[in-house]
Amino acid sequence: MTCQKCATRQILQENELICPKCNGIEFLPKDVALSVAQAQINWFDNGFKQVLGKFIKRRLLVWLFGYREKIASTFFTEKPSIELSKFIAVNLLIKRVMEDYDVDGDDEANEKNTPELIDLFAGFVRIAERKFLIEEDLGHYISKSSFDLKSIDKDRLMSNFSFRINEDYVPILESFEDNLIMNEDSAKAFFEVHKAEYERINKSKPVPTERTPEETIQILFPTLLAFYGALTKNKLYAETFNLQYLKDVKISPQFILSFIKKFGQQTGLMTQTNSHEFKRAVRVYFKELDKNIVYDNLVFSKDNKQVFPFFLNVDNHLLITHNFIRLMGLFYYPMYYDSEFKKEIDKHSMIFEKTMVPEKLREQGFTLIQNYTDKKQASLEIDNIAWKGNTLYVIETKVWDIKPYFEHRRIHYHRERDLKGVVDGKKYTYLKGSETVTDIVSLLDKIKHVQDNLSQICKDAKMITTIKGVVITKSHPTIQEYKEVKFIGFSHLNTL
Ligand SMILES: [Zn+2]
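Structure representation (structure tokens):
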């Protein structure tokens, strides 16, 4: 909500929304903020080149692969959360180290300096992400003291600027929490509450070969949705984890997941093989695929740097990390089986509209008419009419799940427009990149219809003094109110 005094967009400071204007906080102009972020990125980049130059690359790559496997194993065995900035950092770092593979160094990677390096690189990723958020008008830089970007020294370049997100980013953060993509603390709390449920999911082994893609999508839907949303949340993530090239050569998640089973998994360790054995396994067990195509698209090496590092080959030591591959397989499901995934999303939308919302309303003591249709005008349908005491609500439901590029403002403009469209009677649909607008019965007309026909519709009509329109959304709505219609997220339904 904008500031009540001056209508300025608020910012998040120490977990509270405050008005920058009323508190005398001045942002750097957007173009200056972007230059600062770019200067910080350049500085990090240079520093990293020097640090990485000192390492023996082969050893470092093996350690990074091991660390990545540890993150994935923790996800499957301990708690269902992933620190996204570390997860992307380790993958970017693997690609980065391979770039400089031939730059010789003497330092050996070990269990101490590898995580330190990843932490440092995660800091770099966070600054790159800040730049996106500033570009998207979701974040701002504040300068602690005056500066000249040309002559500023390194320490001040890093310490002189603090970053704040604004209120528009808050619903995005909350939607991610709803979808299980969260920071360490909230993950722990969540895990305590849902422990039994998680253990059950965990025991139903992800993706055994006998399940069809439809069944897998059905069983693991929340996890798949969460991963997919997280690893495509902005341009940096979407590019890093882009697996479209695999889809183009018809390498499926099901193949990847059953392929790795041909190699034994040693708990907590990486499995080692070589390129000959790798190709032999494809040739023997997966006759429909070309072993060289599989190899060239999945095995990352000095001579094959453009692919995503699923498998690593250094000096003909080919490393297989089972849990990481399982995790990436899950992420790849919605991308590969996109129409099956869309069907499941639609199914969940129906459940939300027909079951979850009505149940919750009844729990709160409302009397309900579900799926009301006007006998004279069949196009006038109302998801729910609910009343309690002297107030009656005319309710529409709207599902808005996280989706790729969720952190990009374009997505949220669409979202806000779609929500207003419910009130105004406009429906926006996209087909193959082009958009059409259809006129539908507006929520305002539906409210009027209920007002005009109250005694026929509501058996407690005599008690009703107020009739209001409400839109209930699955994740957090981007606007709170429009033309006196309220927008309420499902988790806040008890405020009705
Ligand atoms: Zn203000």
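Residue numbering for the sequence shown follows the numbering used here, starting at 286 and increasing by one per position. Positions of the beta carbon are idealized from the N, C-alpha and C atoms, including for glycine.
Setting aside the 5 residues that flank it on each side, T287 is surrounded in the same chain by T293, R294, Q295, each with a C-beta closer than 7 Å to its C-beta; the list follows chain order.
Taken from the Cβ of K306, at least one heavy atom of ligand 1 lies inside 7 Å.
Assignment of beta strand (DSSP E) within the segment 686-762, counting only whole runs of 3 or more residues, yields 711-716, 719-724, 751-758 in chain order.
Of the other Cβ atoms in all chains shown, fewer than 16 fall within 10 Å of the Cβ of V722; this residue is therefore exposed. C288 has its CB nearer than 7 Å to a heavy atom of ligand 1.
The C-beta of N738 has fewer than 16 other C-beta atoms within 10 Å across all chains shown, which makes the residue exposed. Apart from the 5 residues on each side of it in sequence, L423 sits with its Cβ closer than 8 Å to the Cβ of I450, N451, D453, Y454, I457, E692, R694 in its chain, given in chain order.
N327 has its alpha-carbon roughly 37 Å from the corresponding atom of Q557.
Here the C-alpha atom of E701 lies approximately 16 Å from the C-alpha atom of Y715. Look at V388 here: in three-state DSSP terms it is coil, with no helix or strand label. Between ligand 1 and T293, a heavy atom-to-CB distance of less than 7 Å is present. Assignment of V684 by DSSP, reduced to helix, strand and coil, places it in the coil class.
I367 carries a coil assignment under DSSP once its states are collapsed to helix, strand and coil. When C-alpha distances from E414 are compared across D709, D385, L369, I502, the shortest belongs to L369. For R496, there is no enclosing alpha helix (DSSP H), as DSSP marks it with neither H nor E. Look at F361 here: in three-state DSSP terms it is helix. DSSP places S624 in no beta strand (DSSP E) but in the uninterrupted alpha helix (DSSP H) bounded by 623-636. Contact between the segment 557-570 and the segment 589-607 is present: three or more C-beta pairs spanning the two stretches fall below 8 Å.
Contact between the segment 538-550 and the segment 643-650 is not established, with fewer than three Cβ pairs separated by less than 8 Å. Taking K744 as reference, the option from T652, D703, K731, S727 with the minimal CA-CA separation is T652.
When the beta-carbon positions are compared, I356 and I367 come within less than 8 Å of each other. The bridge partners DSSP lists for F540 come to none.
In this structure, DSSP gives S560 a helical state, which the three-state scheme calls helix. Here L516 really is in contact with F616; their C-beta atoms are around 5 Å apart, less than 8 Å.
Our two residues, R343 and N559, have alpha carbons roughly 15 Å apart in a direct line.
Uninterrupted beta strand (DSSP E) stretches at least 3 residues long and entirely within the segment 400-468 occur at 424-428, 446-450, given in chain order. Contact check for F409 against F333 passes: the beta carbons are separated by less than 8 Å.
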